[in-house]
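There are 2 protein chains.
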Amino acid sequence: MDSLHGMNFVAGSLQKSPRSFTASSPLDGRELPGRFSIASLADVEAAMLAAAPAAAVFAATGGEVRATLLETIAAGLMELGDALIERAVAETALPPARLVGERARTCGQLQLFAAAARDGSWVDARIDRRQPDRQPLPRPDLRRLKRPLGPVVVFGSSNFPLAFSVAGGDTASALCTGNPVVVKAHRAHPGTSELVAGVILRAVESCGLPPGTFSLLHGEGSVIGTALVRHPACRAVGFTGSRAAGRALCDVAAARPDPIPVFAEMSSLNPVFVLPGALAARPAEIAKAFVASMTLGVGQFCTKPGLVFAVESGDLAGFRTAVAEAIAAAAPGSMLSPDILAAFESGRDTMLNVAGTAVLGKAAAAADPTRTQAAGLVAVTDGATFLARERLAEEVFGPWSLVVVVKSPADLRTMARHLDGQLTATIHGTPEDLAAAGDLLELLGQKAGRLIVNGFPTGVEVCHAMQHGGPWPATSDSRFTSVGTAAIERFIRPVCYQDVPDALLPAALQDANPLGIERIVEGVRGRQ
Amino acid sequence: MDSLHGMNFVAGSLQKSPRSFTASSPLDGRELPGRFSIASLADVEAAMLAAAPAAAVFAATGGEVRATLLETIAAGLMELGDALIERAVAETALPPARLVGERARTCGQLQLFAAAARDGSWVDARIDRRQPDRQPLPRPDLRRLKRPLGPVVVFGSSNFPLAFSVAGGDTASALCTGNPVVVKAHRAHPGTSELVAGVILRAVESCGLPPGTFSLLHGEGSVIGTALVRHPACRAVGFTGSRAAGRALCDVAAARPDPIPVFAEMSSLNPVFVLPGALAARPAEIAKAFVASMTLGVGQFCTKPGLVFAVESGDLAGFRTAVAEAIAAAAPGSMLSPDILAAFESGRDTMLNVAGTAVLGKAAAAADPTRTQAAGLVAVTDGATFLARERLAEEVFGPWSLVVVVKSPADLRTMARHLDGQLTATIHGTPEDLAAAGDLLELLGQKAGRLIVNGFPTGVEVCHAMQHGGPWPATSDSRFTSVGTAAIERFIRPVCYQDVPDALLPAALQDANPLGIERIVEGVRGRQ
């Protein structure tokens, strides 16, 4: 731990700068070992200028090299052992067990993308062969594959210091498909970032890839992050964070002489609709699971259920009581940083100051400010107030949620129509409830990227069918996902080869299919 | 023809407005029958407000309905018979045979998308089933499909009044996948637009779809077009036109409270690299084919080769002579509109005023200004001048092209690196040339969406393997195409269903696969 060098990783070399910062632990406010250099604009320039030529070399590598790179990174993360977990605990206050799980998820993700790289079918090869006799004109030979976009700038996220940070899903997606990565490290976990970056640097070296394949810079998003996104060599951006920061990056990217795509995952309330039958049948069970989900990780999940809609009825009292009991029993927890705690408290208090909202329940134990703790709180309001006060539909990051009591099941559809874009939306209902709910599921499908029945949204599987992305402001482009195998689609683009001689075609498009990948030939899919 | 009503198609009703305009024929300047209402902002509001609820109804239709809709439109276009072709000829000055071919292409495109709608596999269904025994936590049941984004605003293009206009590729892509369409008609062919819109209106009615499924408005892009893109109900934009107009729409979309995706196809020089062996072997053949391609449709193709790079050598003189002869023999042609002709002449003259450029050859016959004619011209410059003068790398829409003579084959790679994003890039070379060209093909793959060997870029096949889209400024998002079956991917987004009971799932995701579509189940593709 004392061996943290604090330098920026600039295309294979370590760079120190005069300005620096230290990390302190949210667990006790203590300053942690390590003094981290704040990257200069010269570092930005050097990283991006090295990434541009590295892109061509990296794009030309085969799937085996990329698979080995990703596997080497996964192995390297495990080899860091307890040192990584201990530093991450100290920097983020997340419990060791959670971070061990997150490391497993991160490594699993790297291995899944390694498998995708090795298989190679992600290039979506399509072949429409020459038709020399077609009338009125012959058809040329046309073959299409997807290739990397070029250097991707990735912003480390605070709340998943491993799975959505330096070697997280954005980096894995970009490397899998042959794009160099320049990471803007999150300020709240610089030591964890350095440890992971060291692993990636060594993996890049051991795979014989150009140094520009990977860089990591410390610094402010508004300075270093913005400069990275503005740089001519930057071809795409992956970001997970606040709505304000995501919007700022989207605006910077859109204002470039050549706008580039940004996938920003930003803000979601993850509404939960509790239908009358479910409310009557299992009020305590739903209440407990809801509070467990909203307080998981001290409410610092992007899929935290921040809104619950329920219909006024005789059964509601039991649900309210059970929620109040569950949140009272929820222990306060340390948040990721004092800034995040301050934003939570301010957001929560702003909500409670809205006329028509009241506290439904809160943690019985007091939060310890010296440990950056937040205490959970669930508020309650009515449907009319919710519709009238736009502020109530804003995300409060942390253990906060709002129960909205409406008058009738029909009002639930009104609420659904009123919502902004969401990562997820959930319905709790009996089979009869669901049958009677009409188009509620469809309405939510218009608003959210993932629909859940009788579950809770926290917990995002890494698999083929996952969608982690929804209409604005959940993400900046609902057509893509940042979790699951489809996440790689953000950083690739198609190129068509017309009448190119077989020997000059990329292997994926050659007649003999030397890579043995899945392709669409004359509209028919197969490995022929 | 006299029966043109000139009204706007506002969600099933025809709306007249006090302000109007007429069309005149570029062939002779005569005013054409019909007086067209300029849509009001109230028309914009009415069209978009009807599109929003229509989106939900249309999204819920099956593939059969959408296929029938597209086929009915194709049949309706054919039923318009000569009236459509005659009006299009009069409005655009494109030759009848070209427009008959374009109509066939448009209908073929509609039928191809009808087949895609009927097959239904475009939803990219993925199923990862529940794993109740997984440790440490069970995996929920996760199923994903793609669904329509919602109302799409389509801008008719001037240069393909059928294939890239009211019922063109953007409209077909959007309707195929269940998105309502609001078309901003191009001002240069309002009568053609009205005839086609009438066909779509009747097809929407005969399929029992809500009137908000389709609207068409006449008016200025800077007023009506901008208002459509700004409207909260607009979910995506398809555009083909100038770089300035495309950029303006991208900026409007990016500045919305909720930015939306724009697919704008804008500007491309479609560079052609003639390698030394090819230059020596077939100078006259390449020269003739090049001039034929650059003057095709009076140079009004987005894939017109506007740049040719060749290496100084003893063989170059023959090529230059052949180009000069071919362009001298090229008959002047009527452009699409006086505005477009004026822009062509101004752009051409600006280029010729750049020190270091000279006329290589031009059409022997004079252009007739009363017939809106442009005469073809090929200019020549050297590599150093091209690199020094950014203006020379701007598109001039019309029969203009620039031959850039460089000193060595290595300079060709320098030129390739210097280029902006392109729709296409072409290499002419013998097998020996191509082998010696090193990474030229790869360099061009970094810049363009389609690479052509020993051909010319005009002629864009509608097939699976086509890519019509490249890095900025060729298009606004190189990850998508506006031609070919993949064009539908612009207007759909994934939604994941977690633990949703089978009966409530969309048919595409139900266990029994009642639609019989291709799906990815547990990572394995098939129709099971």
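Note that the protein sequences, when read in sequence, are chains C and B. In terms of this note's numbering, the first sequence opens at residue 567 and continues consecutively. In terms of this note's numbering, the second sequence opens at residue 567 and continues consecutively. The C-beta atom is built at its ideal place from N, Cα and C for all residues, glycine as well.
Min CB distance residue i to chain B below 8 Å
| i | result |
| --- | --- |
| S759 of chain C | no |
| C816 of chain C | yes |
| D1077 of chain C | no |
| W688 of chain C | no |
| H994 of chain C | no |
| L1081 of chain C | no |
| D824 of chain C | yes |
| W1038 of chain C | yes |
| M567 of chain C | Per-residue confidence for M567 of chain C stands at a pLDDT of 45, beneath the threshold of 50, marking its modelled position as unreliable; the derived number appears in the next sentence. No, no contact with chain B. |
| P827 of chain C | yes |
| G1015 of chain C | yes |
| A820 of chain C | yes |
Delimiting residues of the alpha helix (DSSP H) encompassing residue i
| i | result |
| --- | --- |
| L615 of chain C | L607 to A625 |
| D999 of chain C | P997 to A1002 |
| L1007 of chain C | L1006 to G1011 |
| E911 of chain C | P904 to L918 |
| A1053 of chain B | Segment: none, A1053 of chain B is in no alpha helix (DSSP H) and carries neither H nor E. |
| T758 of chain C | P756 to S772 |
| P662 of chain C | P662 to D685 |
| L643 of chain B | G629 to E645 |
| F885 of chain B | L882 to A895 |
Residue span of the beta strand (DSSP E) that contains residue i, given as start and end
| i | result |
| --- | --- |
| A589 of chain C | S586 to S590 |
| F856 of chain C | Here F856 of chain C belongs to no beta strand (DSSP E); instead the alpha helix (DSSP H) covers P849 to T861. |
| R601 of chain C | E597 to S603 |
Which residues DSSP lists as bridging residue i, in chain order
| i | result |
| --- | --- |
| G1092 of chain C | C:R1085 |
| Q988 of chain B | B:A1014 |
| A945 of chain C | C:V925 and C:L968 |
| N745 of chain C | Paired residues: none, contrary to the question. |
| V1061 of chain C | C:L711 |
| L783 of chain B | B:K750 |
Residue i to residue j span [Cα, whole Å]
| i | j | result |
| --- | --- | --- |
| F575 of chain C | V1066 of chain B | 46 Å |
| L650 of chain C | T588 of chain C | 17 Å |
| R768 of chain B | A618 of chain C | 52 Å |
| A876 of chain B | G1050 of chain B | 32 Å |
| M567 of chain B | A1053 of chain B | Low confidence applies here, because M567 of chain B scores a pLDDT of 45, under 50, leaving its location unreliable and the question unanswered by this model. |
| A605 of chain C | I790 of chain C | 7 Å |
| R1085 of chain B | Q1076 of chain C | 26 Å |
| A621 of chain C | P1023 of chain C | 37 Å |
| L728 of chain B | V971 of chain B | 38 Å |
| A616 of chain B | R801 of chain B | 14 Å |
| G1089 of chain C | A681 of chain B | 12 Å |
| P827 of chain B | G865 of chain B | 30 Å |
Any C-beta of chain C under 8 Å from that of residue i
| i | result |
| --- | --- |
| L646 of chain B | no |
| V1019 of chain B | yes |
| T1047 of chain B | yes |
| L708 of chain B | yes |
| Q1094 of chain B | no |
| Q1064 of chain B | yes |
| P661 of chain B | no |
Per-residue contacts from residue i into chain B (C-beta, under 7 Å)
| i | result |
| --- | --- |
| S1044 of chain C | R1059 |
| P584 of chain C | The premise fails here: P584 of chain C is roughly 35 Å from chain B at the closest Cβ pair, so nothing lies under 7 Å. |
8 Å Cβ cut-off: residues of chain C touching residue i
| i | result |
| --- | --- |
| A626 of chain B | E1008 |
| L1135 of chain B | In the structure displayed, chain B extends from 567 to 1094; residue 1135 of chain B sits before or after that span and is not available. |
| Q677 of chain B | Those do not exist, as Q677 of chain B stays about 14 Å from chain C at its closest Cβ, beyond 8 Å. |
Within chain B, the residues that residue i reaches when beta carbons sit closer than 9 Å
| i | result |
| --- | --- |
| A622 of chain C | D1005, E1008, L1009 and Q1012 |
| R713 of chain C | G1011 and Q1012 |
Per-residue contacts from residue i into chain C (C-beta, under 9 Å)
| i | result |
| --- | --- |
| I1086 of chain B | H1030 and A1031 |
Contacts of residue i in chain C (Cβ-Cβ under 7 Å)
| i | result |
| --- | --- |
| G1089 of chain B | H1030 |
Beta-carbon neighbours of residue i, restricted to chain B and to distances below 8 Å
| i | result |
| --- | --- |
| E1027 of chain C | D694, R705, P706 and L708 |
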